[in-house]
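Structure first, commentary second.
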């Protein structure tokens, strides 16, 4: 009879070293901890106003088909997004939140020996996704306190870490939790400076928090950087 199995020993090397992701605290827990009320929590990209009435009604209608498997190809929503964004449906990938999309990108383009670059204070999921694939993380030091964007992305450091083994560069714009961002011309120039074998992941999960004048139209860059 076999004894107890240590399943962690059977996991891939990158997965064995993963540390649990610690999400942001729920509002109720924050209120208890600090003895406050009426908290507006922005760290987890939640809408403090709640969902629109139209969304709630759409959910109510969709519940009629909750016993059926959904369309795995997501035909209807891809078609709607394609029309809104003026791009082909095949250019759209959907996921269970941006976390899943980031993980899928890492699983698709990274393997043992490959390298990925991200900022010192970038989204923690970049590190987790890279490590799980067995790839090598390259962490770019952030800007200093005296910079115009303290603790923001130092693109010179990104460039210095990019080499023949680099496959992915992750850039959150704007970046959570530092609240920093890259101006459109600066970001565009950096992307254009990278070699063709490097894929750039521009994470705009917090795009709505940016001032319109500082928010790049990255979808318009796809023709230049396919």
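In this note's numbering, the protein residues as written are 12 to 237.
We put the beta carbon where it would ideally sit given N, CA and C, even for glycine.
### Task
Drop a sphere of 10 angstroms on the beta-carbon of residue 176, count the other beta-carbons inside from all chains shown, and report buried for 16 or more, exposed for fewer.
By the Cβ-count criterion, residue 176 is exposed, with fewer than 16 other Cβ atoms from all chains shown falling within 10 Å of its own Cβ.
#### Entry: Residues that residue 151 bridges to, as DSSP identifies them
130
### Spatial neighbours of residue 90 in its chain, beta-carbon cut-off 7 Å, leaving aside the 5 residues before and after
Same-chain partners within the cutoff: 100.
### Query
Buried or exposed: which applies to residue 20, given that a residue is buried once 16 or more other Cβ atoms fall within 10 Å of its Cβ?
exposed
### Message
Can you tell me where the beta strand (DSSP E) holding residue 181 begins and where it ends?
### Response
177–183
### Assigned exposure category for residue 217 - 16 Cβ within 10 Å defines buried
buried
### Task
Quick one: residues in its chain with C-beta nearer than 7 Å to the C-beta of residue 213, no 5 flanking neighbours on either side, listed in chain order?
182, 184 and 229
### Query
Leaving out the 5 sequence neighbours to the left and right, which residues in its chain are closer than 8 Å to residue 51 when beta-carbon positions are compared?
For residue 51, where only same-chain residues beyond five positions count, the Cβ hits under 8 Å are 59.
### Query
Taking all protein chains shown into account, do 16 or more other C-beta atoms lie within 10 angstroms of the C-beta of residue 61, making it buried, or fewer, making it exposed?
Residue 61 should be labelled exposed.
### Query
Could you check where the alpha helix (DSSP H) with residue 77 kicks off and where it finishes?
Looking at the DSSP string, residue 77 is not in any alpha helix (DSSP H), and its letter there is neither H nor E.
### Message
I need the straight-line Cα distance from residue 141 to residue 72, nearest angstrom please.
### Response
Going from the Cα of residue 141 to the Cα of residue 72 covers about 39 Å.
### Message
Quick check on the DSSP output: the alpha helix (DSSP H) that includes residue 113 runs from which residue to which?
### Response
Note, residue 113: alpha helix (DSSP H), 108–120.
### Beta-carbon proximity list for residue 110, same chain, < 8 Å, skipping 5 on both sides
Only 136 meet the Cβ criterion.
#### Entry: Cut-off 7 Å between Cβ atoms - residues of its own chain near residue 48, not counting five sequence neighbours on either side
42
### Query
Can you tell me where the alpha helix (DSSP H) with residue 210 in it begins and where it stops?
Here residue 210 belongs to no alpha helix (DSSP H); instead the beta strand (DSSP E) covers 210–214.
### Task
For residue 18, count neighbouring C-beta atoms within 10 Å of its own C-beta (all shown protein chains included) and say buried if the count is 16 or more, exposed if not.
exposed
### Task
Would you kindly check if the distance between the Cβ of residue 233 and the Cβ of residue 143 is under 8 Å?
No; because the gap between Cβ atoms is not below 8 Å, this pair is not in contact.
#### Entry: Reference residue 148, options 172, 224 and 127, closest by Cα
127
### Query
Relative to the alpha-carbon of residue 23, which residue among 200, 145, 161 and 227 has its alpha-carbon at the smallest distance?
When each option's Cα is compared against that of residue 23, the closest is 145.
### Message
Quick check on residue 191: does DSSP put it in helix, strand or coil?
### Response
Here residue 191 sits in strand by DSSP.
### Query
Taking all protein chains shown into account, do 16 or more other C-beta atoms lie within 10 angstroms of the C-beta of residue 32, making it buried, or fewer, making it exposed?
exposed
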